[in-house]
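Counting in my numbering, the final residue of the first sequence is number 899, and the numbers go up one at a time with none missing.
Notes for the one structure printed next.
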Amino acid sequence: MKLATWNVNSLKVRLPQVLDWLGQHQPDVLCLQETKLEDANFPADAISAAGYRALFNGQKTYNGVAVLSRAAASDAVCAIPAFDDPQKRVLAATVSGVRIICVYVPNGESVESDKYQYKLRWLAALHTWLQDELRRYPRLALLGDFNIAPEDRDVHDPAAWAGKVLCSQPERDALNALFNLGLQDSFRLFEQPEKSFTWWDYRMNAFRRKMGLRIDHILLSAGLAESCSSGKIDTEPRKSERPSDHAPVIAEFAV
DNA sequence: ATGGCTTGAGTGTCAAGA
Numbered sequence: 645m646k647l648a649t650w651n652v653n654s655l656k657v658r659l660p661q662v663l664d665w666l667g668q669h670q671p672d673v674l675c676l677q678e679t680k681l682e683d684a685n686f687p688a689d690a691i692s693a694a695g696y697r698a699l700f701n702g703q704k705t706y707n708g709v710a711v712l713s714r715a716a717a718s719d720a721v722c723a724i725p726a727f728d729d730p731q732k733r734v735l736a737a738t739v740s741g742v743r744i745i746c747v748y749v750p751n752g753e754s755v756e757s758d759k760y761q762y763k764l765r766w767l768a769a770l771h772t773w774l775q776d777e778l779r780r781y782p783r784l785a786l787l788g789d790f791n792i793a794p795e796d797r798d799v800h801d802p803a804a805w806a807g808k809v810l811c812s813q814p815e816r817d818a819l820n821a822l823f824n825l826g827l828q829d830s831f832r833l834f835e836q837p838e839k840s841f842t843w844w845d846y847r848m849n850a851f852r853r854k855m856g857l858r859i860d861h862i863l864l865s866a867g868l869a870e871s872c873s874s875g876k877i878d879t880e881p882r883k884s885e886r887p888s889d890h891a892p893v894i895a896e897f898a899v
């Protein structure tokens, strides 16, 4: 089974690239973040014509997530239970016996911001919910834009980013708490090149200068991680005209 | 230099991203 996640930064703008990518890579599941579309405007017909079913949970202007799958998806959940949040950042569903949880973790803005406190509360609620989900679905994948670089090797300039949002210790502690539930970072199950990132600022030619962060992840429960055969980042779409600032992340495992 | 791009909303210019 091939899973992928991609923060597209507007599905309206990136739809041609997403359709092209689906055709090239043929994933079983593609999770999208920052679709920035109300559900009424979701391009369901174009996705369907490409051979994919779609679940979507969106809003105008900001946020918005979707799960595209070749096989049918069931038991969809569109929010973290018992966490009141108007922002559309979560979509869970079961595909071919695997629980897929697509997340767009809040950015946080800066460690001094109220949005940072919201991010930490959001991550604590996600952790609580995942304890339940893992009990119900031992074969589980948590995919998305986490807005957290797990370690200094996931940061182009660790000294400059030390303690800053996306790299701060409370954020890394929250991510480690997810690892402590038994989830594993599929990318780190394999030997990887140095300076492997998933996001580069649009400004200052950051992509060309390899000034990025690895903040998009595919976490696998033990049952899936043990049969994982590949974990990688596809930087090709970041080189195209009008790219998303994020690259797709891919993980494969035997079913 | 708190900027630099990109998107959406909306038609002037700002919020938000990371």
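Backbone N, C-alpha and C define an ideal beta-carbon position, used for all residues, glycine too.
Since we're looking at a predicted model, the values are computed, not measured.
Beta-carbon proximity list for residue 755, same chain, < 6 Å, skipping 5 on both sides:
Sequence index remark: in the first sequence, residue 755 carries index 111 (1-based). Listed in chain order, the non-local C-beta contacts of residue 755 below 6 Å within the same chain comprise 809 and 812, local neighbours out to five positions each way being set aside.
One question on the structure: do residue 734 and residue 673 come within less than 8 Å of each other, judged by their Cβ atoms?
For this step, residue 734 is matched to residue 90 along the first sequence. For this step, residue 673 is matched to residue 29 along the first sequence. Result no, Cβ atoms of residue 734 and residue 673 do not sit closer than 8 Å.
First and last residue of the uninterrupted alpha helix (DSSP H) at residue 861:
Here residue 861 refers to the residue found at position 217 when the first sequence is read from its first residue. For residue 861, no alpha helix (DSSP H) encloses it; the enclosing beta strand (DSSP E) starts and ends at 860 to 864.
Can you tell me whether residue 760 sits near the ligand ATP, meaning its C-beta is under 7 Å from at least one heavy atom of the ligand?
This structure lacks the ligand ATP; in fact it carries no ligand of any kind.
Name, in chain order, the residues that DSSP records as bridge partners for residue 890.
Counting from one through the first sequence, the residue named residue 890 turns up at place 246. Residue 890 is bridged to 843.
Does DSSP put residue 689 in a helix, in a strand, or in coil?
As a working mapping, residue 689 is identified with position 45 in the first sequence. Collapsing the DSSP output to three states places residue 689 in a helix.
Within 10 angstroms of its Cβ, does residue 798 collect 16 or more other Cβ (buried), or is it exposed?
Position 154 of the first sequence, counting from 1, holds the residue named residue 798. Buried, since its Cβ has 16 or more Cβ neighbours within 10 Å.
Going by CA-CA distance only, name the one from 761, 796 and 827 that's closest to residue 779.
Residue numbering aside, residue 779 sits at position 135 when the first sequence is read from its first letter. For residue 779, the closest C-alpha among the options 761, 796 and 827 is that of 827.
Which whole-angstrom value is the C-beta distance of residue 708 and residue 746, which I expect to be below 8 Å?
Your numbering for residue 708 matches position 64 in the first sequence. Your numbering for residue 746 matches position 102 in the first sequence. About 11 Å; that fails the 8 Å criterion.
Starting from the N-terminal side, write out each stretch of the beta strand (DSSP E) that is 3 residues or longer and does not extend beyond the stretch 658 to 732.
Those beta strand (DSSP E) runs which fall completely within the stretch 658 to 732 and span 3+ residues are 673 to 677, 697 to 701, 709 to 713 and 717 to 721.
Do you know whose CA, among 807, 876 and 719, lies nearest residue 777's CA?
The sequence position of residue 777 within the first sequence is 133, counting from 1. Ranking 807, 876 and 719 by CA distance to the CA of residue 777 puts 719 first.
List the endpoints of the continuous alpha helix (DSSP H) containing residue 748.
Locating residue 748 in the first sequence gives position 104, where the first residue counts as 1. Residue 748: not part of any alpha helix (DSSP H); member of the beta strand (DSSP E) spanning 742 to 748, first to last residue.
Would DSSP call residue 795 helix, strand or coil?
The sequence position of residue 795 within the first sequence is 151, counting from 1. Note: residue 795 maps to coil in three-state DSSP.
Taking residue 820 as part of the alpha helix (DSSP H), name the residues at either end of that continuous run.
Here residue 820 is taken as the residue at index 176 of the first sequence, counted from 1. For residue 820, the uninterrupted alpha helix (DSSP H) run begins and ends at 813 to 823, by DSSP.
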